[in-house]
Each structure stands twice: as structure tokens, then as C-alpha cells.
Amino acid sequence: MQSIPEIMDQEMGRAFAAAGYDAALGKVSVSTRPDLSQYSCNGAMAGAKQYHKAPFAIAEEVARKLQDSAIFTDVSVVKPGFLNMNLKNEFLAKYLEEERTAEKFGFEISKTPRTVVLDYGGPNVAKPLHVGHLRSAVIGEAIKRIVRYHGDTAIGDIHLGDWGLQMGLVITELKHRQPDLPYFDDSFAGEYPEQAPFTVSDLEEIYPFASGKSKEDPEYYAEALENTHLLQEGKRGYRALWEQIMKVSIADMKRNYARLDVSFDLWNGESTVNDLIAPMAEKMKKDGYAYESEGALVVDVADPKDPKEIPPCMILKSDGAALYTTTDLATIEDRVEKYHPDEIIYITDKRQELHFTQVFRAARKCGLVPQETVLTHIGFGTVNGKDGKPFKTRQGGVMRLETLIDDIDAAMLEKIRANGEIPEAEAEETAKTVALAALKYGDLSNQASKDYIFDVDKFTSFEGNTGPYILYTIVRIHSILTRYQAEGNEDIERLSIRLPQSSQEAALMRDLAGFGAMMTDAFTNLAPHRICSYIYQLSNDFNSFYHGTRILSEEDAEKKNGWIALLKLTMDILNTCIQVLGFSAPDRM
Ligand code: ARG
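Just so we're aligned, residue 1 is where the sequence shown starts under the working numbering, counting upward by one.
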């Protein structure tokens, strides 16, 4: 379906043209003076220069052409030449009726579906997930769902940090602690045990221990480097042990991501592209893009047009080791080869911006991606505590993701219990559902690039711009519809939307009519926060309408049925939006 802004611009453009002016002047925007009108157009002011005519006169001529408009009503001209107008109720009702029955509420999906690889999550094997991993997972999942809703193919790849020194450190420490394991016996030729010789908690203790020790003990550090090297060369026992570390660590990650309702199509990692690195570096050298500088292999990525100075991108260190940039470049090569993506989107902390600038430029320069493949980095801000500093535990330690989820679950459970609406048996499940909304909405409602304050009290509140408030609105509508149905009324799907009876109802209807334009905007800008602002306004406008209207006790069946249809559309659109954002509503709360 054509979106409301498109229809309005078209109608206004037609009026300008009919009055003898450039149709492009007819751009309509939401009025900044809602007390005067819903929409306005300042095209006459721009036209005044072009046509050497008073803007007021132009506006009046255009207004005359809108006298019989099927879309606008109450068209007026105010000094010095603004056009103010409202949307016609008949048009609004007809539009919503069409939207109600259209696929995806008439949202224009991709005509030529693209393939998009999304790189998000990015946890490191053998290290616990912490608060720093929250945003990549939550924003990445939402953007993946937005892309899918748009009808494109989205491939989510977790891109594990599973190959560097951290693996060598864990192997080294295990060797010190359990030297008799077959993994360390070079003469061992049999099958390695199925059971891992450690648990995930062991790993979480081993890694920081080994990392700390390597910083104090140069010999230990050298050993870890050597072991990393041997692992990457393919030493049999180390590979087998690495597989065990991966297995144990990934199982734990899956459990954590499941709690966030975040999932991945690919569980690839830095290790996936190990074998691509040497030939890639070789080719870069051969093609003349990479050269040696102080023993290291580098590619220049400075751009004379860019005032920012971007240092050369290092491909191999002087000892021949690969870096973070190297695995990212090889991963681009791998993704292009396997999935032919039209775009690759990375969702990481914004402090990695320089890294991605270097990687993207090097990838283009060295021809790892076709020119038309779009490379996008979405950098997000920090999750802060109420003190404005990065969020920590009360003791000042790193906040584990698991603890953070536990805390918000517990806070939500307390509120749900205090409300007393939910039987105890259901309370825990309901609390988890609402807590996830609190957590994700608390994050996604902020523009990704901005820092935000993690505030459990605020996030779990049933009032204000929060996830629970949105869910509460959905639950409220759901309960009205259930009661309506229980009273033995008509099938809700068959009810049509009618003319609005109040200004509150018309405002709600305009919100609903704006769904398609909003979704297009969220997609074009890869901006989940636009969906959040939309559902907040929609919920507010719904609740104002609801408080001013006695729906179920309405005697006029036609009126009542029209409202029920409107409620159903409101609920469906809210549910669609939260589904795209990555959470859901309970039946009651
Ligand atoms: N593992 C990385 C880190 O902890 C994040 C990976 C992000 N993705 C990427 N392709 N570089 O910082």
C-alpha cells in the first residue's frame, strides 16, 4: 500500500500543480502546532522566491484546489503562507480498513529481496558473557528481524572469538594442571575421551587465571604463544582439546542467548577462516596492496579526502601472527564466497569504529568484496550505571549477563506478585516474559549510538516509556477482546473499522495508518528505536482513547463493533512491532 506520507505529498503536489506551481513544493509534514492542525505544508514559502509572488497568495490558490480533496479537510492558510490541514475521517477509515486486511498491514516489502549477513553477538570462547555483550545481541537480533520483516534474507552470524591467544592460554593452564590428559601426550594415537575434562565454571576460572599469570610470567606467556601457534598449525591433541572447550563454552552461550530470545543461523568464528589467511595475505602482497613495514605486513588505507587520519591496516605481525583485522578480512572473503551478500552489517561497540573503517577500506582496496556490496558498521554506546559510569556489580566487578538477567527477572517477579493479578503458578513465567521486554525495550528505545543508564526500577515500571507499559497495553486490549468474544458476539475478524467518533479516536487511527511509513523508516535507517517511539505513542493514544470511551457497554452495536475492529488492529500492530523488536506479551500480567 502507498504510505500516508506518500499519499499526502501526492495530493498536495497535485494541488500545487493544478494551481500552476511545481508539484515538488507540495511536501506535507506533521504539524508542529497540533492545536491548529494535524498537518502543514510550507511549500508556498519556498515557491515565493521561485515565482516572485507573495507566499500567502500562492497558499490561497493551492488551498482552493483542495476544496474537494478526498484526503484533506479544514484546509486553511495562515500568515505568512503556511497551509494547515487535517486528514479526512472518511479517508482515514477507508485506509485503515484496507490496512487491516492487507498482508503485513500494507507495508511495502522488498521487490528484489537482498541477502544481508548480520554479524552480532561476538562473544569470546572460554570467557563468560557480560553486560558488554548485551547490546550487540539485542540490537543485532532486532535488526535481523527488521530486515526479515522487510522481506530480505538475513543471515545472523555470531562470529565467535575462538582462535586467538585466549585459547592458547586456556590450553597452557590445563596442561599445567592436568599434564596426564591424553591431549598432551604426543604419542597418543587413540580416540580422545568424549567427556570434556572441565566444566564451564572451570573454564571461567581458568581463563582469567591464565591471563593474569601470563602478564607476570614471561616464560608462561611464551609458552601460551607457542601453544596458540601449535593449535593454529593443527596439532592433533590441541585441536581435540580446543573442540572440547568450544563444545562446553557454546552450550553455555546458547543457554544465555536463549534467555534473551536471541539466535544465530551461523556459529562461525575466527577459527572458521584460519586456512584462508595465508593465501589472502599472499595475494594482497602479490597484487601490490600489502607491503612490509618494520617486519609486519600492512595495507595503507588512508584516504586523502578524509581529514581523519586512518593508520595502515596491519595484516600480519612481524612474527607472522594474524590479528583481529586479519580474521575480519578473511571472514569477509568467506562470506562473499559462500553467501554473496548484498550487505554485511556489523553490530559492535562504537569504540571499534576505527577497526571497521580500516577493515572496510582494506577489503575494498584489495578487492575482497564486489564494489556494490555494502559494508555497514553500527556502533553502539555503553550501558552505564546510575553513576554514569560503565555498569558494574555492586561490588564493582564485571556484571555477568546472566546475573543481569536474573536481577531484572527477580525485580519483575516482585512487581507481578505485588499486583496480585496472576496466580502464583504462572507468575514466574509471566515475570520472565515481561522482564525480557523491560530489558530489551530499555535498550532498544535508545538510539543505538547513545550510551544509556541501566535502571532496573525504571525499566520494570508499568508506566512511562517502558517495555512493561507496552505489554500492559496489549494485555488490556487482549482482555477486552476476550470479554467481547465471551459475550457471544460476532467473529472479530469480520468487523470493519468505522469513522472516528472523537479526536482521541482519530489520533489513534492516524497512528495506525502510519505503521507502513514507520516500518520503512526503521528499515531504511536500521533503527529499532523508531519502532519503540512508534509503539509508545500508539500505546499512549490508545490509552487516551480507551479512558474516554466505554467500549463494551456501548449499546449501539455498530459503534461497538467498529471499536472492537480498531482495538484488534491496534493489538495486532503492537504485537507485530514487539515481535520484530524481539520480545512478546503474556496473555495477562
Ligand atoms: N569478539 C569481539 C570482541 O569481543 C567482537 C567481534 C565483533 N565482530 C567482528 N566481526 N569483529 O570485541
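All residues carry an ideal CB built from backbone N, CA and C; glycine is no exception.
| Check | Outcome |
| --- | --- |
| Reducing DSSP to helix, strand and coil, say where Val-75 ends up. | strand |
| Whose CA, out of Ile-71, Ala-126, Ala-142, lies closest to the CA of Phe-523? | Ala-142 |
| At 4 residues or longer, what runs of the alpha helix (DSSP H) sit wholly inside the segment 512-580? | 515-524, 528-547 |
| Using the three-state DSSP reduction, which class does Met-314 fall into: helix, strand or coil? | strand |
| For a minimum of 4 consecutive residues, which ranges assigned as the alpha helix (DSSP H) are wholly contained in the segment 228-305? | 236-259, 274-286 |
| Buried or exposed: Glu-294, going by 16 or more other Cβ atoms within 10 Å of its Cβ? | exposed |
| Could you name the residues that DSSP lists as bridge partners for Glu-343? | Val-116, Val-374 |
| Would the segment 156-173 and the segment 117-126 be scored as touching if the rule is three or more Cβ pairs under 8 Å? | yes |
| If you draw a straight line from the alpha carbon of Val-125 to that of Gly-467, how long is it in whole angstroms? | 31 Å |
| So, under 8 Å CB-CB, Ala-46 and Ala-54 are touching, yes? Tell me the CB distance rounded to an integer number of Å. | Their Cβ separation, rounded to whole angstroms, is 13 Å, which puts Ala-46 and Ala-54 out of contact at 8 Å. |
| Listed in chain order, which residues are found with a beta carbon closer than 6 Å to a heavy atom of the ligand ARG? | Asp-119, Gly-122, Asn-124, His-159, Gly-161, Asp-328, Tyr-346, Thr-348 |
| Less than 7 Å between the C-beta atoms of Ser-214 and Leu-169, yes or no? | yes |
| Can you give the Cα-Cα distance for Gln-485 and Glu-558, rounded to whole angstroms? | 15 Å |
| Measure the Cβ-Cβ separation of Leu-329 and Ala-281 and say whether it is below 7 Å. | no |
| Excluding the 5 residues preceding and the 5 following Glu-605 in the sequence, name in chain order all residues of the same chain whose CB lies nearer than 7 Å to its CB. | The requested residue 605 does not occur in the structure, where the chain is confined to residues 1 to 589. |
| In the DSSP output, which residue or residues are listed as bridge partners for Pro-208? | Pro-208 pairs with nothing; no bridge assigned. |
| Over what stretch of residues does the alpha helix (DSSP H) that includes Asp-157 continue unbroken? | Counting along the chain, Asp-157 falls outside any alpha helix (DSSP H), though it belongs to the beta strand (DSSP E) covering 153-157. |
| Given a cut-off of 7 Å on the beta-carbon distance, is the pair Ser-496 and Glu-6 in contact? | no |
| By the DSSP assignment, the beta strand (DSSP E) with Ser-40 in it spans what residues? | 39-41 |
| Between which two residues does the beta strand (DSSP E) carrying Met-85 extend? | 82-87 |
| Nearest CA to the CA of Ala-15: which residue from Lys-305, Val-30, Val-62? | Val-62 |
| Is the distance from the Cβ of Tyr-238 to the Cβ of Ile-171 below 7 Å? | yes |
| Could you name the residues that DSSP lists as bridge partners for Arg-364? | DSSP output for Arg-364 lists no bridge partner at all. |
| Please classify Ser-40 as buried or exposed, where buried requires at least 16 neighbouring CB atoms within 10 angstroms. | buried |
| Rounded to the nearest angstrom, what separates Met-589 and Gly-442 at their Cα positions? | 19 Å |
| Where do the ends of the alpha helix (DSSP H) carrying Leu-499 lie? | Neither: Leu-499 is in no alpha helix (DSSP H) and is coded neither H nor E. |
| Assign Asn-446 to one of three DSSP states: helix, strand, or coil. | coil |
| Counting along the chain, where does the alpha helix (DSSP H) carrying Phe-583 start and finish? | From DSSP, Phe-583 is part of no alpha helix (DSSP H); its letter is neither H nor E. |
| On the CB-based measure, 16 or more other CB atoms within 10 Å of its CB, does Leu-354 come out buried or exposed? | exposed |
| What is the C-beta distance between Ala-137 and Tyr-257, in whole angstroms, given that I count them as a contact (C-beta under 8 Å)? | 6 Å |
| Run through DSSP, which three-state label would Tyr-192 get? | coil |
| Figure out for me which residue from Ile-531, Ile-470, His-377 has the closest Cα to the Cα of Ile-146. | Ile-531 |
| Looking at the structure shown, is Val-359 part of a helix, part of a strand, or coil, going by DSSP? | helix |
| Check the DSSP bridge columns for Lys-392 and list the partner residues they point to. | Val-398 |
| Can you find the residues in the same chain that come closer than 8 Å, C-beta to C-beta, to Ala-290, ignoring five residues on each side of it along the sequence? | Ala-281, Met-284, Leu-297, Val-298, Val-299, Ile-315, Cys-366 |
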